[in-house]
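J.: Following this message is one structure expressed as C-alpha cells.
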Amino acid sequence: MTVNRSTRTSNTRVRPSKRFPTLERLKEGWAVYKENLIGKIGLTLLVIFALMAVCSFFPPLIDPMYHPMTGVDPQISHSTWPSWRHWLGTDFIGRDILCQLLAGARIAFMVGISAAFMSIFLGTIIGMIAGYSGKILDTLLMRLADMIMVMPTLLVVLILSSLFGQLNIWTIVLLIALFRWPGVSRVIRAQTLSLKERPFIEAAKVTGASHFRIIFRHIMPNVLPLSLLYMTFRVTSAIIIEAALAFLGFGDPSTVSWGMMLQWVWKTGHMFQAPYWLLPPGICISLLTLSFYMLGRAMEEVLDPRLRKEVAKE
Amino acid sequence: MEVRKFVLKRFIEIFIIFFVILTVLFLLFRLAPGDPVTRMVDPTLTPEDSQHLIAQLGLDQPMGLQYLYYIKNFLTGNFGNSFHYGEAVSSIIWSRLPNTIILFTTSILLSAFVGIFLGKIASWQKGTRTDTWMTLGALVCHTLFLPWLAMLMIWIFGFKIGWFPLNGMISPEIWMDPSSGLWLKLLDVLHHMVLPLATLFSIHFGSYLLLMRSSMLDTLKEDYILTARAKGLEEKTIRNKHAAPNAALPVVTSVGISLAFSLSGGALTETVFSWPGIGRELVFAVSNSDYPLAQGSFLLIAIVVLIANLVVDVLYAYLDPRIRY
Amino acid sequence: MALLAVENLSIGYHTREGFLKSVQGVSFALAEGESLGLVGESGCGKTTIGMSLMGLLPENAVVTDGRILFEDKDLLKLSKKEIRQVRWKKIAMIFQAAMNALNPVHRVSEQIAEAILTHDAEISEEAAMKQVESLFQVVGIPPDRMRDYPHQYSGGMKQRAIIAMALSCNPSLIIADEPTTALDVIVQDQILNAIKDFQKRLNFSLIFISHDIAVVADVCDSIGIMFAGQLVEYGNVNDVFDAPMHPYTRSLLASYLTLDKDFVQLNSNPDETPDLVNPTPGCRFSERCTVAEAACRLNTPEWVEISPTHKALCNQFK
Numbered sequence: 005m006t007v008n009r010s011t012r013t014s015n016t017r018v019r020p021s022k023r024f025p026t027l028e029r030l031k032e033g034w035a036v037y038k039e040n041l042i043g044k045i046g047l048t049l050l051v052i053f054a055l056m057a058v059c060s061f062f063p064p065l066i067d068p069m070y071h072p073m074t075g076v077d078p079q080i081s082h083s084t085w086p087s088w089r090h091w092l093g094t095d096f097i098g099r100d101i102l103c104q105l106l107a108g109a110r111i112a113f114m115v116g117i118s119a120a121f122m123s124i125f126l127g128t129i130i131g132m133i134a135g136y137s138g139k140i141l142d143t144l145l146m147r148l149a150d151m152i153m154v155m156p157t158l159l160v161v162l163i164l165s166s167l168f169g170q171l172n173i174w175t176i177v178l179l180i181a182l183f184r185w186p187g188v189s190r191v192i193r194a195q196t197l198s199l200k201e202r203p204f205i206e207a208a209k210v211t212g213a214s215h216f217r218i219i220f221r222h223i224m225p226n227v228l229p230l231s232l233l234y235m236t237f238r239v240t241s242a243i244i245i246e247a248a249l250a251f252l253g254f255g256d257p258s259t260v261s262w263g264m265m266l267q268w269v270w271k272t273g274h275m276f277q278a279p280y281w282l283l284p285p286g287i288c289i290s291l292l293t294l295s296f297y298m299l300g301r302a303m304e305e306v307l308d309p310r311l312r313k314e315v316a317k318e
Numbered sequence: 294m295e296v297r298k299f300v301l302k303r304f305i306e307i308f309i310i311f312f313v314i315l316t317v318l319f320l321l322f323r324l325a326p327g328d329p330v331t332r333m334v335d336p337t338l339t340p341e342d343s344q345h346l347i348a349q350l351g352l353d354q355p356m357g358l359q360y361l362y363y364i365k366n367f368l369t370g371n372f373g374n375s376f377h378y379g380e381a382v383s384s385i386i387w388s389r390l391p392n393t394i395i396l397f398t399t400s401i402l403l404s405a406f407v408g409i410f411l412g413k414i415a416s417w418q419k420g421t422r423t424d425t426w427m428t429l430g431a432l433v434c435h436t437l438f439l440p441w442l443a444m445l446m447i448w449i450f451g452f453k454i455g456w457f458p459l460n461g462m463i464s465p466e467i468w469m470d471p472s473s474g475l476w477l478k479l480l481d482v483l484h485h486m487v488l489p490l491a492t493l494f495s496i497h498f499g500s501y502l503l504l505m506r507s508s509m510l511d512t513l514k515e516d517y518i519l520t521a522r523a524k525g526l527e528e529k530t531i532r533n534k535h536a537a538p539n540a541a542l543p544v545v546t547s548v549g550i551s552l553a554f555s556l557s558g559g560a561l562t563e564t565v566f567s568w569p570g571i572g573r574e575l576v577f578a579v580s581n582s583d584y585p586l587a588q589g590s591f592l593l594i595a596i597v598v599l600i601a602n603l604v605v606d607v608l609y610a611y612l613d614p615r616i617r618y
Numbered sequence: 506m507a508l509l510a511v512e513n514l515s516i517g518y519h520t521r522e523g524f525l526k527s528v529q530g531v532s533f534a535l536a537e538g539e540s541l542g543l544v545g546e547s548g549c550g551k552t553t554i555g556m557s558l559m560g561l562l563p564e565n566a567v568v569t570d571g572r573i574l575f576e577d578k579d580l581l582k583l584s585k586k587e588i589r590q591v592r593w594k595k596i597a598m599i600f601q602a603a604m605n606a607l608n609p610v611h612r613v614s615e616q617i618a619e620a621i622l623t624h625d626a627e628i629s630e631e632a633a634m635k636q637v638e639s640l641f642q643v644v645g646i647p648p649d650r651m652r653d654y655p656h657q658y659s660g661g662m663k664q665r666a667i668i669a670m671a672l673s674c675n676p677s678l679i680i681a682d683e684p685t686t687a688l689d690v691i692v693q694d695q696i697l698n699a700i701k702d703f704q705k706r707l708n709f710s711l712i713f714i715s716h717d718i719a720v721v722a723d724v725c726d727s728i729g730i731m732f733a734g735q736l737v738e739y740g741n742v743n744d745v746f747d748a749p750m751h752p753y754t755r756s757l758l759a760s761y762l763t764l765d766k767d768f769v770q771l772n773s774n775p776d777e778t779p780d781l782v783n784p785t786p787g788c789r790f791s792e793r794c795t796v797a798e799a800a801c802r803l804n805t806p807e808w809v810e811i812s813p814t815h816k817a818l819c820n821q822f823k
C-alpha cells in the first residue's frame, strides 16, 4: 500500500468541471482570451475575411461584369493591371479579380467550416464511443483511425476524383471530413478514457443510466470544449486541402475558390507577368489559415489549465 | 531485445494496413461508376491486345478470382501498362521513386534538424525579441500555401534573379554531354533541388520549431532538471544534455504523424517544379485518366508513407530508453 | 562553531494572488554532524527553506530579509558560479521519492558519475564509475543494475540511487526533503534506517524536512516546528517531545493518539490553509489556536526559552 502524501504545491488550479454555469465559463474564457494578443489579431483578421465573404454578393449586383465566374468585361478580354474599373485587375479572360477574391472568401469559409464541423462531429462521436466501450470496438475503431491517418488526404481524394469524375464542392467537403476525423477522435478518446473513471460517471451508472445517456449527457459536455478547439485546426487543414485540390485542377469547376484562381494563373502562364493576380489569392489563403490558427492557439490558452493535464493521461 | 519485438510488431501492422489499402483500391476501381474494363485496359488498344490484357488481368472472371489475379499481379510487380506512356507502369514509377526519395528525405531531415535546433534556441530566449520573431516567423511560414510559395520562389529566384532553374531536376545539356563528370551532374541536381527544397523546408520547419519550443519549456519544468541544477551543472549543460534529449522525443513522434502531410506537400511541390517524382506522376495520371499509372503511383506512395512511418517509429524506439528496455 | 547558521530568513513569492510571504524571520543553526528535523504541514515553508539553502528558489521567489551563513559565507551573496561550486560538493539534496528526480534518458550510473565529474576536475571517467560502484554497494543496490535506466528501478531502489547521488561528492550538509513520503511503509523504514546509518558513519549534517513528526523524531537530534512560514518551536528532540510547549506542536503530537497524553482539541477547519498574502498581524497560529486570546491576534509573539535547548514562539508562556 502506498501512502501518497506529496506536499509539493501545484500551480494549476483545478476547477470542478460541471458545477459552473456555462455563462460564467464563457465570460471567464473571454476575459482570458482578450488578454492574448495572438487571439486578438486572429479574431480581427477573421472578421475582415468574414466581411469579405459577405461583400462577395454585392459586386455582381452592381454590374454583371463583376460576376466572378461569368462576368465578362465588354472592353477587356485579357489580363490587365489594377485600374479604377477593376481594383485588382482582371484575369486572362477579363474577369474581375477582386470579385473572385471575395467569392473565394465565401467558399473558403463554407468549405472550411463545414468540413471541420463534419470531421469534428464524426471524430467526437467515434472518439467517445471508442473510449467508452473499450476492448474490441475501441481497438477496431482506433485501427481504422490509424489507417486513415497514415494516408495523405490530398492524394487519396485525388485518386477518388479520378474514379468518380469531376467532384462537386460538397463531395469534396465530405471527403475531407471523412479523412480528417481520426486526429480528433484520438484526443477525444483520451479525454473520454480519463473521464470514464471519474466518480460522477460511476454515480450515473449506479443510478441506472443507459450507456447512451451517459455518453451524451455526461461525457459529451466535458469533451465538447476540446472538440471546439480542434475544430479551428481542422478548418485550416480543410481550407488548404480544398485549395490544393483546386490548384491541381480537381476542384469544383463551378465554384471560384482561391485555389482555383491560382490554378488559372499557373495554367495560363501568367505566373511571371501578373503579380496582381498571383499574389492576392495566395496571401488570402495564408492569412485566413494563419488567423484560424491564431484563434486556435488563443483558445488553447483559455481551455488549457483544465484540459492539458487530463489530455496527457492515457 | 525489446526493440526487435517492437519493430516486428510495427512491421506486421504496416503490412496489414497496406493490404487493406490494396484491397480497398481493388474494390474502388471495380465498383466505381463506369465500366471497370476501360479503367484497366487502354481503349486505344486493338481488340486482340485488349482481349489478351483482359485475360491477363482476369477482368472477365468473377470478383473473387479477379482479386486473386490482382494480388498476383501486384506481387509480381505487374501494374499493367500506362495509357499515356505506353510502357509498363512498374518501370515508370520505379524510375521516379529515387527522385521523390531524394527530395522528400532531404526536406524532412533538414526541416526537422533546423526546426529542433531553432526551437531549442527559441525556448532559451523565451520572451525576448528573438523568440517572438522566431515564433512569428515559424507560424507565418507554416501557414503559407505551398503551391503559391513554390510559384513565388520560381518567380523571384528563378525568373527575376535568375539564380536557379525554373523547373525540372536536371539540365539536359549537362546530362547529355558525355564529357560531364559525376560531380558536375551531382551539382546540377543540387542546383535544381534548391528551390523545391527551400519551399518544402519553409512550410515544414515552422511546426517543428514551435513544437520543440513548447516541449523544451515543458521539459524545463521537470523534476530532473531541478536535480541537474542542484548538482551544480551549468545552464548550458542542463539545457543541451538533460532537457533537449527529452524535449526532442515528442517532436520525433510528430515527424511520424505529419508524414502524410509532408508527402502531400511533396506531390504539390513536384508538380509545380516539374520535379519528376511519383507525386507528380500521380497528379498527371489522374488528370489524364491513366488509371493503371494512377493506381500504381498511389500504391507506391502508400508504401513509401508506411515505410517512412516505420522508420520514424524505430528511430523513436531507439531514442527513448523507456521503450528500448 | 556552527556549520550552518540561518539568521532571520524571510522569503516571499510573487503570485497572481499577491505577494506570498512564505517564510518569515526563521533562524536556526546547525553544527557539524548534527541533524535537524523541520516539521510542518503543506505550505508551511519548510521546502522553501531547503531550496533556498541550495539556491534553487524559483524565479518568482524573493529573499526579503536575512542571511544564510554556511562555513561563514553568506550563501545569498554568492555569485552564480560560486553557488554552482557549493552545490552538491558542500550541500546536497535527497529529493522526494514521488518526484521524477532522475532523468529518464540517461543511465542511473551516468547521472551519479556526472555529479562526481562536475566537481572533481582531475578524476577520470573510469575512476568516477568505480566510485559509483562503491556507492551502489553502500546504499545496497546490486551492481548489475548500474547500467539500467531509472524507469527500470522500483520506488525504493530509485530512492536509494538518489541517496547514493547525494552522497557522491561527500557533502558536509545534506538536505532530505520528504525522502520517504510516497514509499511503502516497509521501504520507508529501510530508507530511514539507511539515512540514519549513513549520517552516523559519514558524519554529515542533515536537515530532514517532513510533515511526519514521528519520522523526524526517529532520525534527528534537533527539531524545528514550522507553521505558516514561521518557526514556532525549536530545540532538542527529546525536550520538545517530552514537553511540547507551543499549541501547534501539541496538536501535532496529539494527533497521534497515545494512552498517556491529553487529547488536544483542534479548533478550526483543518482544510483552511493560513493566508500568506495577508497574514494575521500577530501570531499566525492564533486563528486555529485553542488557547489564544484576543491579544494574540495583534501582538507579535516572542520567543520563550523553556530551557537552553528548547524554545517556543508564544506569548502565552511568558
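Chains as they are written, first to last, in this note's numbering: chain A, 5 to 318; chain B, 294 to 618; chain C, 506 to 823. Where is the CB? At the ideal position from N, CA and C, for every residue including glycine.
When you compare only the Cα positions, how much space is there between Ala595/B and Tyr378/B?
T.: Locating residue 595/B in the second sequence gives position 302, counting from the first residue. Locating residue 378/B in the second sequence gives position 85, counting from the first residue. Each residue's alpha carbon lies about 22 Å from the other.
J.: Give me the DSSP bridge partner(s) of Met750/C.
T.: As a working note, residue 750/C is residue 245 in the third sequence. Looking at the DSSP assignment, Met750/C forms no beta bridge with any residue, so it has no partner.
J.: Helix, strand or coil, according to DSSP, for Tyr518/C in the structure here?
T.: The residue labelled residue 518/C in the question sits at position 13 within the third sequence. Three-state DSSP puts Tyr518/C in a strand.
J.: Whole angstroms are fine: how far does the CA of Ala687/C sit from the CA of Met5/A?
T.: Walking along the first sequence from the start, residue 5/A turns up at place 1. Walking along the third sequence from the start, residue 687/C turns up at place 182. Note that Met5/A has pLDDT 37, beneath the 50 cutoff, so the model's placement of it is unreliable and the number below is only indicative. Those two C-alpha atoms are separated by around 10 Å.
J.: Quick test of the definition: if touching needs 3 or more C-beta pairs under 8 Å, does the stretch 602-622 of chain C touch the stretch 511-527 of chain B?
T.: Cβ pair count under 8 Å is three or more, so yes.
J.: Please decide whether Glu306/B counts as near chain A, where near means a Cβ-Cβ distance under 9 Å.
T.: Start at 1 with the first residue of the second sequence, and residue 306/B comes out as number 13. Cβ-Cβ to chain A under 9 Å: yes for Glu306/B.
J.: Whole angstroms is fine: what's the gap from Thr11/A's alpha carbon to Pro225/A's?
T.: Here the question's residue 11/A lines up with position 7 in the first sequence. Here the question's residue 225/A lines up with position 221 in the first sequence. Note that Thr11/A scores 38 on pLDDT, short of 50, meaning its location in the model is unreliable; the coordinates nonetheless yield the value given after this. Distance between the alpha carbons of Thr11/A and Pro225/A is about 32 Å.
J.: My assumption, with CB atoms under 8 Å, is that Val576/B sits in contact with Leu167/A. Please give the rounded CB distance.
T.: Position 283 of the second sequence, counted from the first residue, corresponds to residue 576/B. Position 163 of the first sequence, counted from the first residue, corresponds to residue 167/A. No, Val576/B and Leu167/A are not in contact; Cβ-Cβ is about 15 Å, not under 8 Å.
J.: DSSP three-state label for Arg89/A, please.
T.: As a first step, residue 89/A is located in the first sequence; it is residue number 85 there, counting from the start. Arg89/A falls in the coil class under three-state DSSP.
J.: Can you list the residues of chain C that Gly412/B reaches, using a CB-CB cut of under 7 Å?
T.: On the second sequence, position 119 is the one that residue 412/B refers to. The contacting residues do not exist; Gly412/B stays about 18 Å from chain C at best.
J.: Under 8 Å: do the stretch 590-601 of chain C and the stretch 520-532 of chain B share three or more Cβ pairs, one atom per stretch?
T.: Touching, yes.
J.: Taking one C-beta from the stretch 118-135 of chain A and one from the stretch 171-189 of chain A each time, how about it: are there three or more such pairs within less than 8 Å?
T.: The stretch 118-135 of chain A vs the stretch 171-189 of chain A: in contact.
J.: Against chain C, with Cβ distances strictly below 9 Å, would Gly525/B count as a contact?
T.: Counting from one through the second sequence, the residue named residue 525/B turns up at place 232. It does: the Cβ of Gly525/B has a partner Cβ on chain C nearer than 9 Å.
J.: Which residues does DSSP list as the beta-bridge partners of Ala510/C?
T.: The count along the third sequence starts at 1 and reaches residue 510/C at position 5. Its beta-bridge partners are Ala534/C and Leu574/C.
J.: Scan the stretch 106-138 of chain A for residues whose Cβ lies nearer than 8 Å to a Cβ of chain B and list them as they occur along the chain.
T.: Residues passing the 8 Å Cβ filter: none.
J.: Less than 9 Å between the beta carbons of His751/C and Ala817/C, yes or no?
T.: The residue given as residue 751/C occupies position 246 in the third sequence. The residue given as residue 817/C occupies position 312 in the third sequence. Closer than 9 Å, so yes.
J.: Nearest by alpha-carbon distance to Ala610/B: which of Ser551/B, Gly570/B and Pro543/B is it?
T.: Your numbering for residue 610/B matches position 317 in the second sequence. Looking at the Cα atoms, Pro543/B is the closest of the given residues.
J.: Let me see if you follow: with CB-CB separation under 9 Å, is Ala302/A close to chain B or not?
T.: Counting from 1 along the first sequence, the entry for residue 302/A is found at position 298. For Ala302/A, the answer is no, since every Cβ of chain B falls outside 9 Å of its Cβ.
J.: Does the stretch 50-62 of chain A touch the stretch 231-249 of chain A, meaning 3 or more C-beta pairs lie closer than 8 Å?
T.: Output reads no: the stretch 50-62 of chain A does not touch the stretch 231-249 of chain A.
J.: Is the beta carbon of Ala319/A sitting closer than 9 Å to the one on Phe566/B?
T.: The requested residue 319/A is not part of the displayed model; chain A covers only 5 to 318.
J.: Name, please, each residue of chain B whose Cβ falls closer than 9 Å to the Cβ of Tyr297/A.
T.: Along the first sequence, one-based indexing puts residue 297/A at 293. Near Tyr297/A (Cβ distances below 9 Å), the residues of chain B are Leu432, His435 and Thr436.
J.: Which residues, in chain order, does the stretch 144-168 of chain A contribute to contact with chain B at a C-beta distance below 9 Å?
T.: Answer in chain order: Arg147, Asp150, Met151, Met153, Val154, Met155, Pro156, Thr157, Leu158, Leu159, Val160, Leu162, Ile163, Leu164, Ser165, Ser166, Leu167 and Phe168.
J.: Expressed to the nearest angstrom, what Euclidean distance is found between the alpha-carbon atoms of Thr546/B and Cys59/A?
T.: Position 253 of the second sequence, counting from 1, holds the residue named residue 546/B. Position 55 of the first sequence, counting from 1, holds the residue named residue 59/A. Spanning the two alpha carbons is a distance of roughly 43 Å.
J.: Quick check on the DSSP output: the alpha helix (DSSP H) that includes Lys816/C runs from which residue to which?
T.: The sequence position of residue 816/C within the third sequence is 311, counting from 1. No alpha helix (DSSP H) holds Lys816/C; the beta strand (DSSP E) holding it covers His815 to Leu818.
J.: Are the CB atoms of Asp95/A and Tyr70/A nearer to each other than 9 Å?
T.: Residue 95/A sits at position 91 when you count from the first residue of the first sequence. Residue 70/A sits at position 66 when you count from the first residue of the first sequence. No, these two residues do not count as a Cβ contact at 9 Å.
J.: Can you give the Cα-Cα distance for Pro676/C and Leu503/B, rounded to whole angstroms?
T.: Start at 1 with the first residue of the third sequence, and residue 676/C comes out as number 171. Start at 1 with the first residue of the second sequence, and residue 503/B comes out as number 210. C-alpha separation (whole angstroms): 41 Å.
J.: Are the stretch 618-638 of chain C and the stretch 700-713 of chain C touching by the rule of at least three beta carbon pairs closer than 8 Å?
T.: With the cut-off at 8 Å, the stretch 618-638 of chain C and the stretch 700-713 of chain C do not touch.
J.: Using a Cβ-Cβ cutoff of 9 Å, what residues of the stretch 504-526 of chain B are near chain C? List them in chain order.
T.: The residues in question are Glu515, Asp516, Tyr517, Ile518, Leu519, Thr520, Ala521, Arg522, Ala523, Lys524, Gly525 and Leu526.
J.: Considering only residues of the same chain and omitting the five flanking positions on each side of Ser383/B, which have a CB-CB separation below 8 Å?
T.: Within the second sequence, residue 383/B is the residue found at index 90, counting from 1. Gly370, Asn371, Phe372 and Gly589, listed in sequence order.
J.: Among the candidates Val482/B, Phe308/B, Gly327/B and Met505/B, whose CA atom is the shortest distance from the CA of Asn533/B?
T.: On the second sequence, residue 533/B is found 240 positions in, with the first residue counted as 1. Minimum Cα distance to Asn533/B is reached at Met505/B.
J.: Could you tell me whether the stretch 481-493 of chain B touches the stretch 575-591 of chain C, where touching means 3 or more Cβ pairs closer than 8 Å?
T.: Because the criterion of three Cβ pairs below 8 Å is not met, the stretch 481-493 of chain B and the stretch 575-591 of chain C do not touch.
J.: Taking Leu266/A as the query, report the chain B residues whose CB atoms sit under 7 Å from its CB, ordered along the chain.
T.: For the purposes of this step, residue 266/A is identified with residue 262 of the first sequence, where counting begins at 1. Those are Pro440 and Trp441, listed as they occur along chain B.
J.: Would you identify the three-state DSSP class for Thr13/A, choosing helix, strand or coil?
T.: In the first sequence, residue 13/A corresponds to position 9, counting from 1. Any reading at Thr13/A needs caution, since the residue's pLDDT is 38, under 50, leaving its predicted position unreliable; the model's value is listed next. Three-state result, Thr13/A: coil.
J.: Can a CB atom of chain B be found closer than 9 Å to the CB of Asn608/C?
T.: Sequence index remark: in the third sequence, residue 608/C carries index 103 (1-based). Yes, its Cβ sits closer than 9 Å to a Cβ of chain B.
J.: Answer yes or no: does any C-beta atom of chain C fall closer than 9 Å to that of Arg532/B?
T.: Translated into positions along the second sequence, residue 532/B becomes position 239. Judged by the 9 Å Cβ criterion, Arg532/B is not in contact with chain C.
J.: Does the separation of the CB atoms of Tyr280/A and Trp85/A fall below 9 Å?
T.: Looking up residue 280/A in the first sequence gives position 276. Looking up residue 85/A in the first sequence gives position 81. Taking 9 Å as the Cβ cut-off, Tyr280/A and Trp85/A qualify as a contacting pair.
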